[in-house]
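A.B. asks: Take this structure, written in structure tokens, and hold onto it; I'll ask about it next.
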Amino acid sequence: MSENPIFSTYMGISKYNDRMESYNVSHFDVKRNKSRELLSRLNNINRQELDSADQVNYDILQDSLQTYLDGSEWARYGSLNPMTFLDGIQLYSRPAMASPPTRGDFDNYIVRLHLVQRQIDEIIESLRLAVKLKRTLHKVSVEKVPGQIKDHIFDDPTQSPCYTPFKNTLETSEIPETEWADLRNRGRLAVESYINAFRKVMKYMINDYMKHTRKSIGIMEWDPTHNYYQACLRWHLSFAMTPEEVHAVGLQEVNRIHGNMNQIMRKLGLTGSVKDFFDSLLNDPRFYSNDSDIIIEEYKKTVFERISPQLSGFFKDIPNVPLEVEKSTYDGLGGSYSFAGEDWPGVFSINVQRPLEVSFYRMMALSLHETNPGHHLQHSYSMFANLPDFRKYSVMSFYNIPNWIPFYSAYKEGWGLYSEYLGEEMGLYKDDYEMMGRYSFEILRAARLVVDTGIHYYGWSRDKAIEYMTNYTDMGPGSVANEIDRYITWPGQACAYKLGEIKIKQLRKRAEQYLGAEFDIKEFHSVILVNGIMPMNVLERLVTSWLQGKKSSPASEIDKARG
Numbered sequence: 102m103s104e105n106p107i108f109s110t111y112m113g114i115s116k117y118n119d120r121m122e123s124y125n126v127s128h129f130d131v132k133r134n135k136s137r138e139l140l141s142r143l144n145n146i147n148r149q150e151l152d153s154a155d156q157v158n159y160d161i162l163q164d165s166l167q168t169y170l171d172g173s174e175w176a177r178y179g180s181l182n183p184m185t186f187l188d189g190i191q192l193y194s195r196p197a198m199a200s201p202p203t204r205g206d207f208d209n210y211i212v213r214l215h216l217v218q219r220q221i222d223e224i225i226e227s228l229r230l231a232v233k234l235k236r237t238l239h240k241v242s243v244e245k246v247p248g249q250i251k252d253h254i255f256d257d258p259t260q261s262p263c264y265t266p267f268k269n270t271l272e273t274s275e276i277p278e279t280e281w282a283d284l285r286n287r288g289r290l291a292v293e294s295y296i297n298a299f300r301k302v303m304k305y306m307i308n309d310y311m312k313h314t315r316k317s318i319g320i321m322e323w324d325p326t327h328n329y330y331q332a333c334l335r336w337h338l339s340f341a342m343t344p345e346e347v348h349a350v351g352l353q354e355v356n357r358i359h360g361n362m363n364q365i366m367r368k369l370g371l372t373g374s375v376k377d378f379f380d381s382l383l384n385d386p387r388f389y390s391n392d393s394d395i396i397i398e399e400y401k402k403t404v405f406e407r408i409s410p411q412l413s414g415f416f417k418d419i420p421n422v423p424l425e426v427e428k429s430t431y432d433g434l435g436g437s438y439s440f441a442g443e444d445w446p447g448v449f450s451i452n453v454q455r456p457l458e459v460s461f462y463r464m465m466a467l468s469l470h471e472t473n474p475g476h477h478l479q480h481s482y483s484m485f486a487n488l489p490d491f492r493k494y495s496v497m498s499f500y501n502i503p504n505w506i507p508f509y510s511a512y513k514e515g516w517g518l519y520s521e522y523l524g525e526e527m528g529l530y531k532d533d534y535e536m537m538g539r540y541s542f543e544i545l546r547a548a549r550l551v552v553d554t555g556i557h558y559y560g561w562s563r564d565k566a567i568e569y570m571t572n573y574t575d576m577g578p579g580s581v582a583n584e585i586d587r588y589i590t591w592p593g594q595a596c597a598y599k600l601g602e603i604k605i606k607q608l609r610k611r612a613e614q615y616l617g618a619e620f621d622i623k624e625f626h627s628v629i630l631v632n633g634i635m636p637m638n639v640l641e642r643l644v645t646s647w648l649q650g651k652k653s654s655p656a657s658e659i660d661k662a663r664g
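Its first residue numbered 102, the sequence shown is counted upward by one per residue in the working numbering.
Take a look at the structure:
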């Protein structure tokens, strides 16, 4: 938590409220040494003396530390570029402050605003080192950054969102009115320092860094041996696959899903491309509404009236964690899930800013992924898993990968995709149109395997990547370009979704073959979910242990059942 003070504040931990994250490259070595020492201490513990739950915790901590240490060999690569159009200090609205605030919290907030100057200086030094080592990002990863920085710059500091606490929040606090003027004056000076820091980094980005962005969209320019890309893949997947294997699986999956889509189109008596099919639905009132309230009601019916009644047939001991469906407060993703806590519900947020872009036939697949049995149910089980703190909290920092503690996307997003698939077995896709909506999501995840490896291993151009995505998905030109630029910026990240799903399906097939008529889908799902987020290699060991406990058999028979 000390390494991520802002996150600590959001988690209600006040110990580090006067600190900010460091971007000093010297900290790479400090973190590496601390992790190496911790791993050494862990390895001195006799795992066999631990109970089964702590053996899982042991395995996950060991994997987390080893994954980080392996990735730290590449610390002076992506980690030198802490500002991209997808992540970075410029995407924060303002430093966090505890709520409800005391006088001390305002003092800490002022300290944090001043510390942004130090952060910016460290970021500029890091970017300069990236230029020196010829490890800068491609221009598509950073060309939007100056515009994002500009959102922090105001001629009048009191108009900055950073100053808002000194107006509205201060007036509703219990701080005596006699202290308001002093706090506001100090706050204005702190915000002015904050703004000047962002002016400084914007000037550097425009006048210097942008002149040195790398020519190739792929990271072969950083490392022609492909070892860096392999490290990124291993970090995201939590199991070993070569880029060639990932690419081959992607091609196979795209062809399979595309064939399923064409089969439905022929069944409906339609010709043309898949994109032609989806374009033909745009003006069909059965699938769209201009009324955002109607859209939200349809989503609520999908989640609570269609999905919820079917869960008990596939899951046991389902946690009773409240879930709400509501309009998103910002114009971002089509739909997203915010985790529940002890005192608040999970929230499935729907972007209805442009209601005519929200299709009814995709509602089921998206709802399955984000709510039940997807991320909401996944998180609900984790809430009752009595996890140690190191497993409860994870901070995402994509530009740092693989020089970062893993947050196991293959498990999280693999389960989301598996949930979309499970909707078929649950009988939840009511017609061919909803199945096409499902396949439109699935083929995007499969195409990512082809395009990500195409860019970073096979040397594809951006135009070739865009052409491939356009040919096999129903996304518009702007959306496709944004997807491709994301893959350019975050090597390997987009591969975790589909490959995580495939791994879960493989584990299920293995269990079905091994147990035969004794296989219980509810028990299998419990094994996958009740122990919380983890690397796929640890999950595989849990499934093996479960199978061995269910039915006595030589290890060779278990190996045969792997299929």
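Think of the CB as a built atom: it goes at the ideal place given N, C-alpha and C, for glycine as much as any other residue.
This structure is a prediction, so every number in the text was calculated from the model and none was measured.
Measure the beta-carbon distance from Val628 to Val644 and round it to whole angstroms, keeping in mind my assumption that it falls under 8 angstroms.
C.D. replies: About 6 angstroms; that satisfies the 8 angstroms criterion.
A.B. asks: For the putative contact between Pro325 and Ser390, defined by C-beta atoms under 8 angstroms, what is the C-beta separation to the nearest angstrom?
C.D. replies: Not quite, the Cβ-Cβ distance comes to about 52 angstroms (not below 8 angstroms), so this is no contact.
A.B. asks: Let me check understanding here. Comparing Cα to Cα, which of Tyr462, Ile419, Glu223, Met527 lies closest to Leu479?
C.D. replies: Note on identity: in this sequence residue 479 is Gln, with Leu being the wrong assignment. Answer by Cα proximity: Ile419.
A.B. asks: Asn209: buried (16+ other C-beta within 10 angstroms of its C-beta) or exposed?
C.D. replies: Buried is the call here.
A.B. asks: In terms of residues, what are the limits of the beta strand (DSSP E) holding Phe449?
C.D. replies: Phe449 -> beta strand (DSSP E) spans 447 to 451.
A.B. asks: In three-state terms, what does DSSP make of Ser317?
C.D. replies: Correct three-state label for Ser317: coil.
A.B. asks: List the endpoints of the continuous beta strand (DSSP E) containing Ser646.
C.D. replies: Run containing Ser646: none in the beta strand (DSSP E); it sits in the alpha helix (DSSP H), 637 to 651.
A.B. asks: By how many angstroms is the C-alpha of Phe207 removed from the C-alpha of Gly650?
C.D. replies: Answer to the nearest angstrom: the Cα atoms are 56 angstroms apart.
A.B. asks: Expressed to the nearest angstrom, what Euclidean distance is found between the alpha-carbon atoms of Gln411 and Asn308?
C.D. replies: So the two alpha carbons sit approximately 58 angstroms from each other.
A.B. asks: Classify His239 as helix, strand or coil using the three-state DSSP reduction.
C.D. replies: In this structure, His239 counts as strand in the three-state DSSP scheme.
A.B. asks: Tell me, to the nearest whole angstrom, how far the beta carbon of Met121 is from that of Val217; I am working on the premise that it is less than 8 angstroms.
C.D. replies: Right, the Cβ-Cβ distance comes to about 7 angstroms (below 8 angstroms), so this counts as a contact.
A.B. asks: Return the CA-CA distance between Asn356 and Cys596, expressed in angstroms with no decimal places.
C.D. replies: Each residue's alpha carbon lies about 17 angstroms from the other.
A.B. asks: Express the C-alpha separation of Asn473 and Ile634 in angstroms, rounding to a whole number.
C.D. replies: Going from the Cα of Ile634 to the Cα of Asn473 covers about 16 angstroms.
A.B. asks: What are the uninterrupted segments assigned as alpha helix (DSSP H) that are 4 or more residues long and contained completely in the stretch 474 to 498, given in chain order?
C.D. replies: Those alpha helix (DSSP H) runs which fall completely within the stretch 474 to 498 and span 4+ residues are 476 to 484, 490 to 493.
A.B. asks: Should Pro474 be listed as close to the ligand SAM, given that the test is whether its C-beta is under 7 angstroms from any heavy atom?
C.D. replies: In the structure shown, the ligand SAM is absent, as is every other ligand, since no ligand is present at all.
A.B. asks: So what does DSSP say about Gly436, is it helix, strand or coil?
C.D. replies: Looking at Gly436 - three-state DSSP - the assignment turns out to be strand.
A.B. asks: Starting from Leu630 and walking both ways along the alpha helix (DSSP H), at which residues does that stretch end?
C.D. replies: Residues 622 to 630.
A.B. asks: Count the CB pairs spanning the stretch 490 to 503 and the stretch 168 to 177 that are closer than 8 angstroms, and state whether there are at least three.
C.D. replies: Contact holds: three or more Cβ-Cβ distances are below 8 angstroms.
A.B. asks: Please say whether Val347 and Leu550 have beta carbons closer to each other than 8 angstroms?
C.D. replies: Cβ atoms of Leu550 and Val347: closer than 8 angstroms.
A.B. asks: Use the C-beta contact count for Thr146: other C-beta atoms within 10 angstroms, 16 or more gives buried, fewer gives exposed.
C.D. replies: With the sequence shown as reference, residue 146 is identified as Ile, and Thr is not the correct amino acid for it. Exposed is the call here.
A.B. asks: Should Trp561 be labelled buried (16 or more other beta-carbon atoms within 10 Å of its own) or exposed?
C.D. replies: Buried, because 16 or more other Cβ atoms sit within 10 Å of the Cβ of Trp561.
A.B. asks: Starting from the Cα of Ile396, find the closest Cα among Arg642, Gly435, Asp621 and give me that residue.
C.D. replies: Ranking the options by Cα distance to Ile396, first place goes to Gly435.
A.B. asks: Give me, in chain order, the residues of the same chain whose beta-carbon lies closer than 8 angstroms to that of Asp392; leave out the 5 immediate sequence neighbours on both sides.
C.D. replies: Closer than 8 angstroms at Cβ, skipping near neighbours: Pro456.
A.B. asks: According to DSSP, simplified to helix, strand and coil, what is Val422?
C.D. replies: In this structure, Val422 counts as coil in the three-state DSSP scheme.
A.B. asks: Between which two residues does the alpha helix (DSSP H) harbouring Ile114 extend?
C.D. replies: Neither: Ile114 is in no alpha helix (DSSP H) and is coded neither H nor E.
A.B. asks: Assign Gly664 to buried or exposed, taking buried as 16 or more other Cβ atoms, counted over all protein chains shown, within 10 Å of its Cβ.
C.D. replies: The predicted model places Gly664 with a pLDDT of 40, which falls under 50 and marks its position as unreliable, so this point remains unresolved.
A.B. asks: Can you give, in chain order, each stretch of the alpha helix (DSSP H) that sits fully within the stretch 140 to 193 and has at least 4 residues?
C.D. replies: Correct list: 153 to 172.
A.B. asks: Mind the definition here: the stretch 361 to 375 touches the stretch 518 to 538 only if three or more C-beta pairs lie below 8 angstroms; say whether that holds.
C.D. replies: With a cut-off of 8 angstroms, the stretch 518 to 538 and the stretch 361 to 375 count as touching, because enough Cβ pairs lie within range.
A.B. asks: Between the stretch 452 to 468 and the stretch 513 to 531, can you find at least three pairs of beta-carbon atoms closer than 8 angstroms?
C.D. replies: Because the criterion of three Cβ pairs below 8 angstroms is met, the stretch 513 to 531 and the stretch 452 to 468 touch.
A.B. asks: Can Ser123 and Tyr169 be called in contact, C-beta distance under 8 angstroms?
C.D. replies: Result no, Cβ atoms of Ser123 and Tyr169 do not sit closer than 8 angstroms.
A.B. asks: Here's a check: name, in chain order, each residue in its chain whose Cβ is nearer than 6 angstroms to the Cβ of Trp591, leaving out the five neighbours to either side.
C.D. replies: Within the same chain, Trp591 has close Cβ partners Phe499.
A.B. asks: Can you give me the C-alpha to C-alpha distance between Asn105 and Phe491, rounded to a whole angstrom?
C.D. replies: Distance between the alpha carbons of Asn105 and Phe491 is about 13 angstroms.
A.B. asks: Can you list, in chain order, the residues of its chain with a C-beta nearer than 6 angstroms to that of Met366? Leave out the 5 residues immediately preceding and following it.
C.D. replies: Hits under 6 angstroms: Phe378.
A.B. asks: Buried or exposed for Thr185, please, with buried defined as at least 16 other CB atoms from any protein chain shown within 10 angstroms of its CB.
C.D. replies: Looking at its Cβ environment, which holds 16 or more other Cβ atoms inside 10 Å, Thr185 is buried.
A.B. asks: In this structure, how does DSSP classify Ala349 when only helix, strand and coil are distinguished?
C.D. replies: The answer is helix: DSSP assigns Ala349 an H, G or I state.
A.B. asks: Compute the Euclidean distance between the alpha carbons of Leu600 and Gly288, then round it to the nearest angstrom.
C.D. replies: Taking the straight line from one Cα to the other gives about 49 angstroms.
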